[in-house]
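Accompanying notes for the structure given below.
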């Protein structure tokens, strides 16, 4: 499986600011995803990061709040914009190596706290 | 309604016993099923994938799939304290071609 590096691992931010989270994979992958996991909860898919085109967002998530880039097959970023305390969560990058029907592998996550 | 259901637990199992974790899903057309283990404060780690009816064994872990009854289970033999974690069931729903995660079952192995 791929090695997935996610940065930063944690951050504490002020309300109203924005943070960009990076996800780097050591090999080319077909699919990259961004999830949110709130304390004690399961994983909620934010969007699928598409290489060279706009991300595909899930219901309840919008591009203005969570802009995503994927310039190539090994790298993606998620920005959490205009943060509020409700955005405090763990954000996870995942990849599927060859297709959507394959298992996903997760980065270590970014633990985000908003003051 | 897309759903992957798991008992939240905690499920307490004595060390050395068999832990049995269950998951049901709603999309009858689902074809791919996954079990993840998540330690507290860590990201999910893939344990097993299963695609066909029946059992699939990997070391102490056995995944069981019954598509007719729409359930998938994970058995952990000779449970160890290090198996204490939350286990997430994930199903690739054919309707939307997305992986849906259950809320997870917390497993506690008693020394």
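Protein chains in written order, with this note's numbering: chain A, 3 to 117; chain B, 692 to 802. All C-beta atoms, glycine included, are put in the ideal place defined by N, C-alpha and C.
Residue range of the beta strand (DSSP E) that includes residue i
i                     : result
residue 756 (chain B) : 752-757
residue 93 (chain A)  : 91-98
residue 85 (chain A)  : No beta strand (DSSP E) holds residue 85 (chain A); DSSP gives it neither H nor E.
residue 707 (chain B) : No beta strand (DSSP E) contains residue 707 (chain B), which DSSP labels as neither H nor E.
residue 9 (chain A)   : 6-9
residue 106 (chain A) : Counting along the chain, residue 106 (chain A) falls outside any beta strand (DSSP E), and DSSP gives it neither H nor E.
residue 21 (chain A)  : 21-27
residue 748 (chain B) : 745-749
residue 728 (chain B) : 723-729
residue 699 (chain B) : Run containing residue 699 (chain B): none; DSSP gives neither H nor E here.
residue 48 (chain A)  : 45-51
residue 737 (chain B) : 736-741
residue 763 (chain B) : 762-767
residue 60 (chain A)  : Note, residue 60 (chain A): premise wrong, no beta strand (DSSP E); not H, not E.
Per-residue contacts from residue i into chain A (C-beta, under 7 Å)
i                     : result
residue 790 (chain B) : 106
residue 721 (chain B) : Near residue 721 (chain B) there are no residues of chain A at all, since even the closest Cβ is about 10 Å away, more than 7 Å.
Other residues of its chain near residue i: CB distance less than 6 Å, five sequence neighbours each side excluded
i                     : result
residue 23 (chain A)  : 80, 93 and 112
residue 2 (chain A)   : Look at the range of chain A in this structure, 3 to 117, and you will see that residue 2 (chain A) is not part of it.
residue 797 (chain B) : 700, 701 and 777
residue 755 (chain B) : 746 and 764
residue 712 (chain B) : 765, 778 and 796
residue 14 (chain A)  : 115
Within chain B, partners of residue i - CB distance below 7 Å
i                     : result
residue 28 (chain A)  : In chain order: nothing, as chain B lies at least about 16 Å away.
residue 111 (chain A) : 734
residue 38 (chain A)  : Those within 7 Å of residue 38 (chain A) in chain B number zero; the least Cβ separation is about 12 Å.
Any chain A beta carbon closer than 8 Å to residue i
i                     : result
residue 734 (chain B) : yes
residue 731 (chain B) : no
residue 712 (chain B) : no
residue 756 (chain B) : no
residue 740 (chain B) : yes
residue 798 (chain B) : no
residue 783 (chain B) : yes
Chain-ordered neighbours of residue i on chain B, where CB pairs are closer than 8 Å
i                    : result
residue 43 (chain A) : 794
residue 13 (chain A) : Here the premise fails: no neighbours, minimum Cβ distance about 16 Å.
Contact with chain B by residue i, beta-carbon distance below 8 Å
i                     : result
residue 54 (chain A)  : no
residue 94 (chain A)  : yes
residue 102 (chain A) : yes
Close Cβ partners of residue i (< 7 Å) along its chain, the five nearest in sequence each way excluded
i                     : result
residue 104 (chain A) : 98
residue 49 (chain A)  : 36, 57, 58, 59, 60, 63, 68 and 70
residue 30 (chain A)  : 75 and 76
residue 52 (chain A)  : 58 and 72
residue 89 (chain A)  : 82, 114 and 116
Per-residue contacts from residue i into chain A (C-beta, under 9 Å)
i                     : result
residue 725 (chain B) : 105 and 106
Chain-ordered neighbours of residue i on chain B, where CB pairs are closer than 9 Å
i                    : result
residue 47 (chain A) : 789, 790, 791 and 792
Any non-hydrogen atom of the ligand COA within 7 Å of residue i CB
i                    : result
residue 91 (chain A) : Ligands displayed in this structure: none; no statement on the ligand COA is therefore possible.
Contact set between residue i and chain A, taken where Cβ atoms lie within less than 8 Å
i                     : result
residue 779 (chain B) : 44 and 45
residue 737 (chain B) : 3, 105, 106 and 107
Contacting residues, own chain, Cβ-Cβ under 8 Å from residue i (five flanking each side not counted)
i                     : result
residue 38 (chain A)  : 45, 46, 48, 91, 92, 93 and 94
residue 706 (chain B) : 770, 771, 772, 800, 801 and 802
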